[in-house]
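>
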Amino acid sequence: DGGITQSPKYLFRKEGQNVTLSCEQNLNHDAMYWYRQDPGQGLRLIYYSQIVNDFQKGDIAEGYSVSREKKESFPLTVTSAQKNPTAFYLCASSIDGREVFNEQFFGPGTRLTVL
Amino acid sequence: AQSVTQPDIHITVSEGASLELRCNYSYGATPYLFWYVQSPGQGLQLLLKYFSGDTLVQGIKGFEAEFKRSQSSFNLRKPSVHWSDAAEYFCAVAGWGNKLVFGAGTILRVKS
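As they're listed, the protein sequences go chains Y and C.
Letter by letter, the first sequence follows residues 19 to 133 in this note's numbering.
Letter by letter, the second sequence follows residues 586 to 697 in this note's numbering.
#1: Check whether the Cβ atoms of P616/C and V686/C lie closer than 7 Å to each other.
#2: Suppose the cutoff is 8 Å on Cβ atoms and the five residues either side in sequence are ignored; what does the same chain contact list for L61/Y look like?
#3: K32/Y by DSSP, collapsed to three states: which one?
#4: Which whole-angstrom value describes the C-beta separation of G20/Y and L39/Y, a residue pair presumed to lie in contact below a C-beta threshold of 8 Å?
#5: Bridge partners for N609/C per DSSP, in chain order?
#6: State buried or exposed for A105/Y, treating a residue as buried only when at least 16 other CB atoms are found within 10 Å of its CB.
#7: My understanding is that S112/Y touches A49/Y, with C-beta atoms under 8 Å, so please give their C-beta distance in whole angstroms.
#8: How about Y674/C: is its C-beta nearer than 7 Å to some C-beta of chain Y?
#9: Is it the case that the segment 607–627 of chain C contacts the segment 659–676 of chain C, given that we only count it when at least three CB pairs across the two stretches are under 8 Å?
#10: What are the start and end residues of each continuous beta strand (DSSP E) run of 3 or more residues lying completely inside the segment 62–87 of chain Y, in chain order?
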């Protein structure tokens, strides 16, 4: 089955540690996205990538980093510089990020808790 | 800058009753509008989208939405709610750079 996988589903880390969230898609989509979701705030865009080896900052990129070395993979690193990293993180992809009407498909999310 | 407002944080309806979730947007050009649904602890699923043409859009699971340019609204409706519709619903507008801007969401509870 085609889709987006995110692992792990739950992640616990100590304050000050970097942590990397995995996102893999087998939909052959060009564009991939990372969102952060906090209660009552909807989804906010962290980073997005329209093509391999290229990515752009979203609205809340500070304290995060990404890479896009392969079409199917878009890992997100939450660094120690992120002041409030505890949140639900969602990865999405779309067939072509240049066309706004293309649906974004979402993964099941990773809940990160920093202790 | 574009923005989306969902005025209702929570809505409770009885099973079988009709439903309307409100969405107001702010965007200078012709908006591309979306409604997504999220079950607890899950990702989002697209219900429907509007780009142009007929202002009444049909989606999956029996949902529909009506685009009203004069009111800057894109309200989601369903004639008869089922218990399985309990979830959080997000309205979104595609803005600058083809990025989605989401509202804060409306949590729907269904009473049996």
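Every residue, glycine too, gets a C-beta built ideally from N, C-alpha and C.
Result, derived from the coordinates:
#1: Here residue 616/C corresponds to residue number 31 of the second sequence, with the count starting at 1. Here residue 686/C corresponds to residue number 101 of the second sequence, with the count starting at 1. Against a cut-off of 7 Å, the Cβ pair of V686/C and P616/C comes out as no contact.
#2: Position 43 of the first sequence, counted from the start, is the residue given in the question as residue 61/Y. If we look at L61/Y and ignore the five residues flanking it on each side, its Cβ neighbours are Y53, R54, Q55, L108.
#3: Start at 1 with the first residue of the first sequence, and residue 32/Y comes out as number 14. Correct three-state label for K32/Y: coil.
#4: What you label residue 20/Y is simply residue 2 of the first sequence in a count that begins at 1. What you label residue 39/Y is simply residue 21 of the first sequence in a count that begins at 1. Their Cβ separation, rounded to whole angstroms, is 21 Å, which puts G20/Y and L39/Y out of contact at 8 Å.
#5: Position 24 of the second sequence, counting from 1, holds the residue named residue 609/C. Answer is T590/C, S658/C, bridged to N609/C.
#6: Locating residue 105/Y in the first sequence gives position 87, where the first residue counts as 1. Burial call: buried.
#7: If you number the first sequence from 1, residue 112/Y lands on position 94. If you number the first sequence from 1, residue 49/Y lands on position 31. The C-beta distance from S112/Y to A49/Y rounds to 5 Å, short enough to fall under 8 Å.
#8: Position 89 of the second sequence, counting from 1, holds the residue named residue 674/C. In terms of beta-carbon proximity, Y674/C stays away from the interface with chain Y, with every pair separated by 7 Å or more.
#9: Yes: at least three Cβ pairs fall under 8 Å.
#10: The segment 62–87 of chain Y is shown to contain whole beta strand (DSSP E) runs of 3 or more residues at 72–75, 82–84, in chain order.
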